[in-house]
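What follows is a single structure, written as structure tokens, with notes after it.
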Amino acid sequence: MRLQQRWQALRSARKTLTSVGAVEALGGLGRGPLRFAVVMATMAIYIASSTVLPVPASSADMVTREVTEALVKATRESPADFSGLDLSYLDLSSLDFKAADLSDADLYGTDFTTANLSGANLSHTRLDRAVLIRADFSGANLEAATILRPTVFSDMHFDRREAPSFKGANLKRVRVQARIDWADFSGADLTAANFSPFEDRAGEGTITTVPRNELRNANFTKAIMVKTNLARTILHFANLAGADLGGASLREAELIGANLEGANLAGADITGADFARVNLKGVRGLDTAIGLKSALNMETAQR
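Residue numbering for the sequence shown follows this note's numbering, beginning at 123 and increasing consecutively.
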């Protein structure tokens with residue numbers, strides 16, 4: 123079910139369970155465990171439909187049909203302009219955006235499954251809670267965008283075929299909180315991008331934060347990652363070959379089995395980072411890295 127359908131379903135359930143008739147019906151259950159369970163279930167549905175789920179898609183500035191029509195008329199030489207618009211919660215899956223201008227747009231909860239956003243301008247957009255399954259952002263401009271808790275996989279198997287591509291994209295100063303295993307960031311510019319935990323302690327300010335970002339098996343080959351904040355990020359078996367990590371923070375990051383062959387670590391903070399079985403062949407600037415002595419399992423790394 124799409125977000126809008128789920129929203130309507132829960133609203134309907136809330137209306138039914140919190141109606142006068144439903145509340146009166148609880149009286150017939152007595153005061154035992156069954157009545158308590160029903161009351162708690164009713165409260166849970168009420169809370170979910172009132173405070174957690176998004177508002178209806180009708181708040182968007184355009185509907186899916188209007189976006190589709192604009193894209194049909196557009197070309198890559200004369201792209202569609204959606205800059206500054208609220209396109210939240212829309213189903214824009216499988217669409218070819220033809221390098222459209224989406225800068226400053228609100229894309230919260232928008233479904234971009236298999237969408238072609240290559241070369242598009244997504245700078246300063248809000249992609250929080252968006253569906254990015256198999257989305258193509260190659261060569262796109264995502265500078266200063268936020269990508270908080272997106273849906274990247276359709277299930278808990280984390281199929282590599284569903285991972286989005288950010289190959290060659292501009293991701294300068296992007297803010298990410300996500301699990302994006304297998305994603306392709308090769309050749310991307312991640313200067314000053316922030317992959318650190320959103321909160322020092324997950325759930326401290328909001329129940330939706332996670333303790334660390336997960337980028338297992340992600341491809342950062344030859345990516346520009348100068349001053350990128352990867353503190354506490356899980357990078358198991360990630361490919362960072364030839365990446366420029368000058369001045370980056372890898373503080374307490376898990377790099378188990380990662381490939382850093384030929385990467386630049388000059389001035390990087392590797393305090394408490396786990397280098398178990400990491401490929402460090404040809405790495406530059408390791409001797410100038412901050413916290414080298416406190417890095418974990420460095421003796422198992424390949425040199």
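Virtual Cβ for every residue (Gly too), placed ideally from N, Cα, C.
Problem set entry | Continuous beta strand (DSSP E) stretch holding L270: start and end | Start and end: T268 to L270.
For this session: Could you check the C-alpha separation between T197 and R271 for me, to the nearest Å?
Result: T197 and R271: Cα-Cα distance of roughly 31 Å.
For this session: Could you check if A147 is buried or exposed, using at least 16 other CB atoms within 10 Å of its CB as the buried criterion?
Result: At A147 the pLDDT is 41, less than 50, meaning the model places this residue with poor confidence; the figure from the coordinates comes in the next sentence. Per the 10 Å Cβ criterion, exposed.
Exercise. Considering only C-alpha positions, which residue in the set A380, G369 and L352 is nearest to A363?
Worked result: If we check each option's Cα against that of A363, A380 comes out closest.
Exercise. What are the boundary residues of the beta strand (DSSP E) that includes V298?
Worked result: From DSSP, the beta strand (DSSP E) with V298 extends over R297 to Q299.
For this session: For the alpha helix (DSSP H) containing T410, list its first residue and its last residue.
Result: In the DSSP annotation of this structure, T410 is not part of any alpha helix (DSSP H), being labelled neither H nor E.
Exercise. Beta-carbon separation of L372 and D391 under 8 Å?
Worked result: Taking 8 Å as the Cβ cut-off, L372 and D391 qualify as a contacting pair.
Exercise. Taking the C-alpha atoms as reference points, what is the distance between E376 and V185?
Worked result: One C-alpha to the other measures close to 42 Å.
For this session: Look up E450 in the DSSP assignment and say whether it is helix, strand or coil.
Result: No information on residue 450 is available, as it lies outside the stretch 123 to 425 that the chain covers here.
Exercise. Rounded to a whole number of angstroms, what is the C-alpha to C-alpha distance between Q424 and I356?
Worked result: Q424 and I356 have their C-alpha atoms spaced approximately 19 Å apart.
Problem set entry | Three-state secondary structure assigned by DSSP to R248 | It is a strand residue.
Exercise. Going by C-alpha distance, which of M278, W304 and T247 is nearest D226?
Worked result: With distances taken between Cα atoms, D226 lies closest to T247.
Problem set entry | N243 beta carbon near the ligand MN (any heavy atom closer than 7 Å) | As for the ligand MN, it is missing from this structure, which has no ligand bound.
For this session: Measure the CB-CB distance between D218 and L193 and report whether it falls below 8 Å.
Result: For D218 and L193, yes; Cβs fall inside 8 Å.
Problem set entry | Closest by C-alpha distance to R354, when choosing among V348, A300, A345 and N341 | Checking every option, the nearest Cα to that of R354 belongs to A300.
Exercise. Should T235 and A257 be called a contact, given that it needs their Cβ atoms to be closer than 8 Å?
Worked result: Taking 8 Å as the cut-off, the beta carbon of T235 is found closer than this to the beta carbon of A257.
Problem set entry | Residue of E188, I412 and P201 minimising C-alpha distance to D208 | Closest option to D208, Cα to Cα, is E188.
Exercise. Who are the near neighbours of S318 in its chain, counting only those whose CB is closer than 8 Å to its CB and skipping five residues on each side?
Worked result: The residues are N335, N351, L352, A353, R354, T355 and S371.
For this session: Tell me, to the nearest whole angstrom, how far the beta carbon of A267 is from that of S245; I am working on the premise that it is less than 8 Å.
Result: The pair is a contact, with the Cβ atoms about 7 Å apart (cut-off 8 Å).
Problem set entry | A291 beta carbon less than 8 Å from that of A305 | Here A305 is not near A291, since their CB atoms are 8 Å or more apart.
Problem set entry | Other residues of its chain near S287: CB distance less than 8 Å, five sequence neighbours each side excluded | If we look at S287 and ignore the five residues flanking it on each side, its Cβ neighbours are A257, D258, F259, S260, A305 and D306.
Exercise. In three-state terms, what does DSSP make of T232?
Worked result: Coil, per DSSP.
Exercise. Is the beta carbon of A365 sitting closer than 8 Å to the one on A395?
Worked result: It is not a contact, given that the beta carbons lie outside the stated cut-off.
Exercise. Looking only at its own chain, which residues have a Cβ that is under 7 Å from the Cβ of L224, when we skip the five neighbours before and after it?
Worked result: Excluding its 5 nearest sequence neighbours in each direction, L224 has C-beta neighbours in its own chain below 7 Å: F204, S205, A242, N243, L244 and T247, listed in chain order.
Exercise. With DSSP run on the structure shown, which of helix, strand or coil describes E421?
Worked result: Residue state, collapsed to three classes: helix.
Problem set entry | 8 Å Cβ shell around A360 - same chain, five flanking residues per side excluded | Closer than 8 Å at Cβ, skipping near neighbours: L337, R338, N339, A340, N341, F342, L377, A380 and N381.
For this session: Would you mind working out which of R399, V405 and M420 sits nearest L387, comparing C-alpha positions?
Result: The shortest C-alpha separation from L387 is found at V405.
Exercise. So is M347 buried or exposed if we call it buried at 16+ other beta carbons inside 10 Å?
Worked result: Buried.
Exercise. By how many angstroms is the C-alpha of D311 removed from the C-alpha of L414?
Worked result: Cα-Cα distance, rounded: 25 Å.
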